[in-house]
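Below is one structure, written out as structure tokens; comments come after it.
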Amino acid sequence: MAETKEETPLTGDFPRDRKTFSPEEEARLERQHFWRIIDAFRYYRRHVQEHVNRAERHFRSLPQRHQNLLPSVLPNLARIRQCADHNHEVLQAIVQHSIHMFENIECGEREDPRKVRSSSTFDMDKLKSTIKQFVRDWSEAGQGERDSCYQPIIREIQRHFPSDQYDVSKVSVLVPGAGLGRLAWEIARLGYICQGNEWSFFMLFSSNFVLNRCEKVNCLTLYPWIHQFSNNKKSSDQTRAIRFPDVNPQSLPQDSDFSMVAGDFLEVYSDADSWDCVATCFFIDTAHNVIQYVETIWKILKPGGVWINLGPLLYHFENMANELSVELSYEDIRAAMVKLGFQIVVENQSLLTTYTENERSMLRYIYDCVFFVARKPEHLYSHCQAEDDQQHSPPAAKSLRQENLECHT
Ligand SMILES: C[S@@+](CC[C@H](N)C(=O)[O-])C[C@H]1O[C@@H](n2cnc3c(N)ncnc32)[C@H](O)[C@@H]1O
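Next up, the structure:
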């Protein structure tokens with residue numbers, strides 16, 4: 530079972546206010562935020578129904594002779610309603626298991642849980658993206674996407690820390706921005722110590738559910754594409770199902786060391802020389818200032834450790850008012866990394882991938898990603914190690930792990 534531990538205030542689902550608050554105010558804001566996301570999960574059905582109502586109204590406003598030419602439209606809308614009801618049931622199961630997730634946030638139900646508060650379009654979009662993330666991480670339909678995004682990272686971990694040269698149960702891998710946790714889970718499945726870090730409650734509630742509450746392969750169904758009304762070749766494409774999880778998340782080896790930690794990567798991880806590997810997938814562009822991520826990764830990596838990155842640079846804060854956003858090119862980030870001391874040991878500046886792709890859509894995005902492995906050189910930092918003359922032993926065998934950060938499975 531993967532426990533999720535809260536490390537810092539979780540403000541990942543809304544623009545961050547940079548003011549510092551008193552601890553009481555922080556706690557109050559955090560509770561407020563927690564309940565706002567629970568409300569979003571509860572509002573989902575009404576939100577989709579309103580969209581379908583509108584579609585139905587518009588269709589019924591057409592001349593009858595046009596409606597007569599389109600006999601399958603209303604049955605399809607009815608089917609979308611059913612699918613939304615079904616999604617809603619899954620989302621309520623997620624909520625049910627989330628209410629007690631964080632000791633320091635839970636404060637009991639505020640009032641009658643059946644009372645549904647309306648949510649913003651921003652939160653509804655986040656929730657719909659989270660539903661699509663189930664396809665990417667935990668369905669058979671997401672296998673191709675996982676092969677193109679996660680496998681290059683996993684292969685490099687295995688190449689840098691091969692099991693015939695390392696005791697992989699002592700090699701620690703951190704996955705910041707872990708989403709629904711599949712990459713981190715796969716790394717743990719190979720025997721490495723792996724910790725996912727995530728700050729969005731949407732993702733944390735959902736990963737907690739899939740990792741800790743789902744045991745049977747393909748036991749649950751979602752309809753991830755019902756929110757897409759445009760670019761459908763067939764009406765049935767919109768209402769097709771995916772099943773999850775495609776593997777039993779509980780099937781990690783008994784002695785595996787897998788955890789998820791909640792909180793802002795920049796706030797949670799500050800201990801120097803702690804990790805053998807940091808693996809970032811579609812993550813670095815979530816920064817206000819990507820150089821802060823680079824610096825933090827540099828600091829927390831052990832000497833000799835590696836940073837493996839795959840992803841685009843679709844800066845998340847680019848279009849957000851009142852939010853710091855520094856949109857650097859890969860060329861600039863790379864130059865800064867090298868100046869800091871990173872050695873780029875593997876680089877592919879054109880790796881084509883998708884992200885939560887609807888493969889039957891008439892509009893499909895392809896990311897031309899950057900993939901690299903950057904090493905924090907051993908010699909710059911390892912004065913004690915040099916004295917010990919242990920140049921040939923693996924970094925994992927030399928450094929102590931930060932036990933206090935761990936939250937065991
Ligand atoms: C584009 S998603 C990628 C998720 C996953 N790595 C994948 O490839 O499917 C980026 C993730 O990073 C998370 N995130 C963004 N900023 C973060 C931060 N400062 N600390 C931790 N997680 C963060 C977001 O909530 C989101 O789940």
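Start counting the sequence shown at 530; every next residue gets the next number (the working numbering).
In this text, a Cβ means the ideal position worked out from N, Cα and C, and glycines have one as well.
Beta-bridge pairing of residue i - partner residues as DSSP gives them
i, result
"PRO705", "ASN726"
"LEU751", "ILE771"
"THR809", "ASN838"
"ASP800", "Its beta-bridge partners do not exist; DSSP assigns none."
"LEU520", "One cannot answer for residue 520 here, as it falls past the ends of the chain, which runs 530 to 938."
"ASN741", "Answer by DSSP bridge pairing: none, since ASN741 is not bridged."
"PHE651", "Per DSSP, none; premise fails for PHE651."
"CYS898", "LEU880"
"ILE873", "ALA903"
Ligand 1 heavy atom lying under 8 angstroms from the CB of residue i
i, result
"MET630", "no"
"ASN726", "yes"
"PHE758", "no"
"PRO552", "no"
"ASP793", "yes"
"MET732", "yes"
"HIS562", "no"
"TYR894", "no"
"ARG718", "no"
"PHE812", "yes"
"VAL746", "no"
"ALA816", "yes"
"CYS723", "no"
"SER729", "yes"
"CYS678", "yes"
"ASP693", "no"
"HIS587", "no"
"PRO705", "yes"
"ASP666", "yes"
"HIS626", "no"
"LEU712", "yes"
"ASP708", "What sits at residue 708 in the sequence shown is Gly, not Asp. Result yes, Cβ under 8 angstroms from ligand 1."
Top-ranked residue by Cα proximity to residue i, from the options
i, options, result
"PRO705", "VAL867, ASN747, MET732 and ARG718", "MET732"
"GLU847", "GLY708, ILE873 and THR815", "THR815"
"SER879", "TYR896, PHE871 and GLY870", "TYR896"
"LYS868", "PHE900, GLU856 and LYS905", "LYS905"
"GLU736", "VAL807, LEU620 and VAL700", "Reading off the sequence shown, one finds Ser at residue 736, where the question assumed Glu. Residue LEU620 is the option with its Cα nearest to SER736."
"GLN680", "GLU856, GLY840 and SER759", "GLY840"
"GLN757", "GLY708, SER658 and GLN779", "SER658"
"VAL790", "LEU703, HIS617 and ALA865", "LEU703"
"ASN741", "GLY720, LEU709 and LYS763", "LEU709"
"SER701", "ILE686, GLN694 and SER677", "ILE686"
"HIS908", "GLY870, GLU888 and PHE901", "GLY870"
"SER500", "VAL819, ILE567, LEU591 and ALA607", "As shown, the chain starts at 530 and ends at 938. That puts residue 500 outside it, with no answer to give."
"PRO774", "VAL739, ASP805, PRO753 and CYS723", "VAL739"
"ASP676", "SER647, GLU715, TYR695 and PHE651", "GLU715"
"ARG889", "TYR844, SER799, ALA808 and TRP754", "TRP754"
Burial state of residue i, where buried means 16 or more other Cβ atoms lie within 10 Å
i, result
"GLY673", "exposed"
"LEU539", "Reliability of the predicted coordinates at LEU539 is poor, the pLDDT of 48 falling under 50, and the value obtained from them is presented with this limitation in mind. Classification of LEU539: buried, given that the 10 Å Cβ count is 16 or more."
"MET630", "buried"
"THR549", "exposed"
"ALA569", "buried"
"GLU916", "Confidence at GLU916 is low in this model, with a pLDDT of 45, below 50, so its placement is unreliable and the value that follows should be read with caution. It is exposed - the Cβ of GLU916 has fewer than 16 other Cβ atoms within 10 Å."
"PRO782", "exposed"
"ILE873", "exposed"
"GLN914", "Legend: pLDDT at GLN914 = 44, less than 50; position of this residue unreliable, value from coordinates given subsequently. Flag for GLN914 reads buried."
"SER911", "At SER911 the pLDDT is 45, less than 50, meaning the model places this residue with poor confidence; the figure from the coordinates comes in the next sentence. Buried, because 16 or more other Cβ atoms sit within 10 Å of the Cβ of SER911."
"PHE794", "buried"
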